[in-house]
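Numbering (the working numbering), first residue to last: 71 to 208. Every residue, glycine too, gets a C-beta built ideally from N, C-alpha and C. Everything numeric in this text was worked out from a predicted model, so none of it was measured. A quick write-up on the structure given underneath.
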Amino acid sequence: MPDQIENTKCSGNDPAFEGEYEFDLTIEMRGRRITRKARALYTHTPRWEYFDLKKNALCIADIPEMAFELQILAMPKEFHADGTITDEDPYWVTVNDIMEDNLFPALMIALCDAIDDQCMFENERPKEQKKRESTRRH
């Protein structure tokens, strides 16, 4: 049966989803506040049923997994002798130490939930397309 649920052993070597989740990160210290663009580059195999595009089948992972790398966009400026300031090219800086388990656990849980929600949204598209295709065949 092509629509049968297939149990897979998905792992970090074969994640269900890979992507990027962008958000604003605000840090405040001693009355100064700065907001930068940030992103999590992730791989994710959820605990819920998902459509595997490689296998063209619905799957349920034996062991759900999520891994991500956190990056913040650096916005460098160059200060010139004449007092002028020019913007330099922005670049992404990896800051994985901020994800230490005991540092900001509530924020990491919120980020994991947001990534899971984004993957769930992405997952609906192929499932809906497969439903439309099977309806056309009947």
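{"Check": "Nearest CA to the CA of Tyr112: which residue from Asn166, Leu173, Gly153, Arg195?", "Outcome": "Asn166"}
{"Check": "State yes or no: is the C-beta of Phe87 within less than 7 angstroms of the C-beta of Cys189?", "Outcome": "yes"}
{"Check": "Rounded to the nearest angstrom, what separates Glu123 and Phe138 at their Cα positions?", "Outcome": "As written in the sequence, residue 123 is Leu, which differs from the Glu given in the question. Rounded to whole angstroms, Leu123 to Phe138 spans 21 angstroms at the Cα level."}
{"Check": "Tell me whether Met136 sits in a helix, a strand or coil according to DSSP, three-state version.", "Outcome": "strand"}
{"Check": "Identify every run of the beta strand (DSSP E) within the segment 98-171, keeping only runs that are complete inside it and at least 3 residues long; order them along the chain.", "Outcome": "102-115, 120-122, 127-131, 135-144, 147-149, 155-157, 161-164"}
{"Check": "So, with DSSP's three-state summary, where would you put Leu181?", "Outcome": "helix"}
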